[in-house]
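Here is the structure we will look at, set down as structure tokens.
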Amino acid sequence: MQMTLILLRHPLTVVTLLLHFPRWYFATVPAAMVRSYRAYAHAASEVFSIWFLLRTFFKPWKSITDPYPKQGLNIGLIAQAFTLNCTSRVIGMIFRTVAIIIEAVVQLLFLAGFLVAFVTWMVFPVVFLLDLLYLIGSYV
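In structure tokens, the structure reads:
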């Protein structure tokens, strides 16, 4: 308590608070919040690598393929290779589609969390002043 009174009695304390607090509250912290969101969004996009998933969307899963016969016309072997190759591509598409959907959901969750935190941070002074006015008005 004594230390608080000494700090409040210092002539530059109020001036320092009035000059530096608004810049910190409305510029420094929001910029740090945006940088933090960008870092998390970038990390998530690196983990899922959506561009790689889109580039390899039609590639076989784990490169599992069966070569087509080079000699003769064996319809059974050609059909077997075609079926395995198509199945491998479909499985690859399914897994890559699921990964793309998961990445989109993660990015949307990061964006929603950032927007909630940012709007809450920016609106809090207004809510605080309105509550203070309400409190003062209820005692008058």
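Under the working numbering, the first residue of the sequence shown carries the number 12, and numbering increases by one thereafter.
Beta carbons: idealized from backbone N, C-alpha and C, even for Gly.
Query	Result
Mapping DSSP to helix, strand and coil, what is residue 85?	coil
Can you grab the Cα-Cα spacing for the pair residue 33 / residue 126, in whole Å?	21 Å
To the nearest angstrom, report how far apart residue 44 and residue 22 are at their CA atoms.	32 Å
Would you say the stretch 36-53 touches the stretch 75-88, given that touching needs at least three Cβ pairs under 8 Å?	no
In this structure, does DSSP put residue 79 in helix, strand or coil?	coil
Can you check whether the CB of residue 117 is closer than 7 Å to the CB of residue 55?	yes
With a threshold of 16 other CB atoms inside 10 Å of the CB of residue 71, please say whether the residue is buried or exposed.	buried
Could you tell me the distance, in whole angstroms, from the CA atom of residue 129 to the CA atom of residue 121?	12 Å
Starting from the C-beta of residue 114, find all residues in its chain whose C-beta is less than 6 Å away, skip the five residues before and the five after it, and write them out in chain order.	59, 61
Would residue 105 pass as a contact of residue 64 if the rule is Cβ separation under 7 Å?	no
For residue 79 and residue 92, which I take to be in contact (beta-carbon distance under 8 Å), what is that distance rounded to the nearest angstrom?	5 Å
Using a 10 Å radius around the Cβ and a threshold of 16 neighbouring Cβ atoms, would you call residue 107 buried or exposed?	buried
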